[in-house]
Amino acid sequence: MATSRNLPTTDPSTLRSAVQEHYTGRLEAGACCSPMNVEVGNAPAGVPTFGCGDPNAAAAFAPGETVLDLGSGAGFDALRAAEAVGPTGMVLGVDMTPAMLQRARTAARDLGHHHVHFLEGHIETLPVPSASVDVVISNCVVNLSSDVDAVLREAFRVLKPGGRLRISDTFRHDPDGTASTTTTPDLEGWCACEAGAHAPEAFMAQARAAGFEAVAVDAAPEGTAVGDVYGAVLHANRP
Ligand SMILES: C[S@@+](CC[C@H](N)C(=O)[O-])C[C@H]1O[C@@H](n2cnc3c(N)ncnc32)[C@H](O)[C@@H]1O
Numbered sequence: 043m044a045t046s047r048n049l050p051t052t053d054p055s056t057l058r059s060a061v062q063e064h065y066t067g068r069l070e071a072g073a074c075c076s077p078m079n080v081e082v083g084n085a086p087a088g089v090p091t092f093g094c095g096d097p098n099a100a101a102a103f104a105p106g107e108t109v110l111d112l113g114s115g116a117g118f119d120a121l122r123a124a125e126a127v128g129p130t131g132m133v134l135g136v137d138m139t140p141a142m143l144q145r146a147r148t149a150a151r152d153l154g155h156h157h158v159h160f161l162e163g164h165i166e167t168l169p170v171p172s173a174s175v176d177v178v179i180s181n182c183v184v185n186l187s188s189d190v191d192a193v194l195r196e197a198f199r200v201l202k203p204g205g206r207l208r209i210s211d212t213f214r215h216d217p218d219g220t221a222s223t224t225t226t227p228d229l230e231g232w233c234a235c236e237a238g239a240h241a242p243e244a245f246m247a248q249a250r251a252a253g254f255e256a257v258a259v260d261a262a263p264e265g266t267a268v269g270d271v272y273g274a275v276l277h278a279n280r281p
């Protein structure tokens with residue numbers, strides 16, 4: 043099976059520190075835009091996004107639902123989800139970077155969204171009760187994890203039976219397995235969401251192994267060349 047996810051270091055804490063430093067720096071530098079130039083509806087004014095797609099569009103929220111955003115960053119998708127589920131619903135965001143959490147909490151307060159809560163934590167060990175969430179979303183985060191299997195197991199655990207998982211993330215176009223590399227990527231390429239991009243088949247197999255069904259990944263955009271990194275959504279449901 044094709045996989046291009048070689049880790050730049052075997053020490054997860056080194057990887058996490060590099061990711062935190064990278065995104066704190068981008069936030070402080072006033073970065074405003076998705077690297078993939080994705081157009082989305084109901085963008086919260088002044089809230090930066092570092093995403094690579096639109097998990098919310100794929101999630102199709104209903105009013106009253108409980109949503110969890112893995113790696114919620116400055117709150118862009120969580121705040122959009124809060125609009126969609128309304129005050130009878132609830133949105134939780136989990137992130138490990140203090141500067142991101144602070145920015146997200148300020149935005150939620152300014153927007154008057156009392157049903158959004160941003161929690162400090164790791165997506166591999168979620169600070170969320172089992173079977174408590176209708177939808178898990180994520181935008182350009184899982185590729186940054188050194189343990190994707192743990193992330194998927196945790197997403198499965200916190201979802202209610204029948205719950206939906208919609209992960210927007212980076213993928214490497216490698217239909218024949220010819221773009222796989224054995225070289226060790228550097229931390230910069232990892233933090234930029236490129237080196238850790240998923241092979242679609244491998245990511246789907248990992249989701250099925252975690253217990254998900256109806257697993258699918260959006261096709262690569264037309265014209266994507268072998269080896270290119272692109273944004274797409276993994277769709278999966280908890281039985
Ligand atoms: C590329 S940004 C995306 C942020 C947000 N989802 C968005 O679309 O704007 C990646 C975010 O994931 C967080 N993150 C990365 N790895 C994480 C982990 N293992 N646990 C929790 N948060 C993590 C980072 O702190 C950062 O805020």
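Heads up, the sequence shown is in the numbering used here, so the first residue is 43 and it goes up one at a time. Positions of the beta carbon are idealized from the N, C-alpha and C atoms, including for glycine.
- CA-to-CA, the gap between Gly-131 and Asp-228 works out to about 41 angstroms.
- The continuous beta strand (DSSP E) containing Thr-108 extends over residues 108-112.
- Less than 8 angstroms separates the beta-carbon of Gly-117 from that of Phe-160.
- Relative to ligand 1, Asp-137 has its C-beta within less than 7 angstroms of a heavy atom.
- When the alpha-carbon of Val-271 is set against those of Glu-264, Glu-236, Pro-281 and Pro-50, the nearest one is in Glu-236.
- In this structure, the alpha-carbon of Asp-111 lies about 16 angstroms from that of Arg-280.
- A Cβ-Cβ separation of about 6 angstroms places Pro-50 in contact with Thr-226 under the 8 angstroms criterion.
- Under the Cβ criterion (8 angstroms, minimum of three pairs), the region 135-142 counts as touching the region 159-174.
- Proximity of the beta carbon of Arg-58 to ligand 1 is indicated: a heavy atom of the ligand is located closer than 7 angstroms.
- For Ala-104, no pairing in a beta bridge is given by DSSP.
- Using a Cβ-Cβ distance cut-off of 8 angstroms, the region 93-112 and the region 179-194 are in contact, since at least three pairs of beta carbons, one from each stretch, lie closer than that value.
- Counting along the chain, Phe-213 sits inside no alpha helix (DSSP H); it lies in the beta strand (DSSP E) bounded by residues 201-214.
- The three-state secondary structure of Asn-84, taken from DSSP, is coil.
- When only Cα atoms are considered, Lys-202 and Ser-174 end up about 6 angstroms apart.
- Put simply, of Ala-239, Pro-54, Ala-102 and Ala-274 the residue whose alpha carbon is nearest the alpha carbon of Gly-83 is Ala-102.
- When the Cα atoms are used, Phe-213 and Met-246 turn out to be separated by approximately 12 angstroms.
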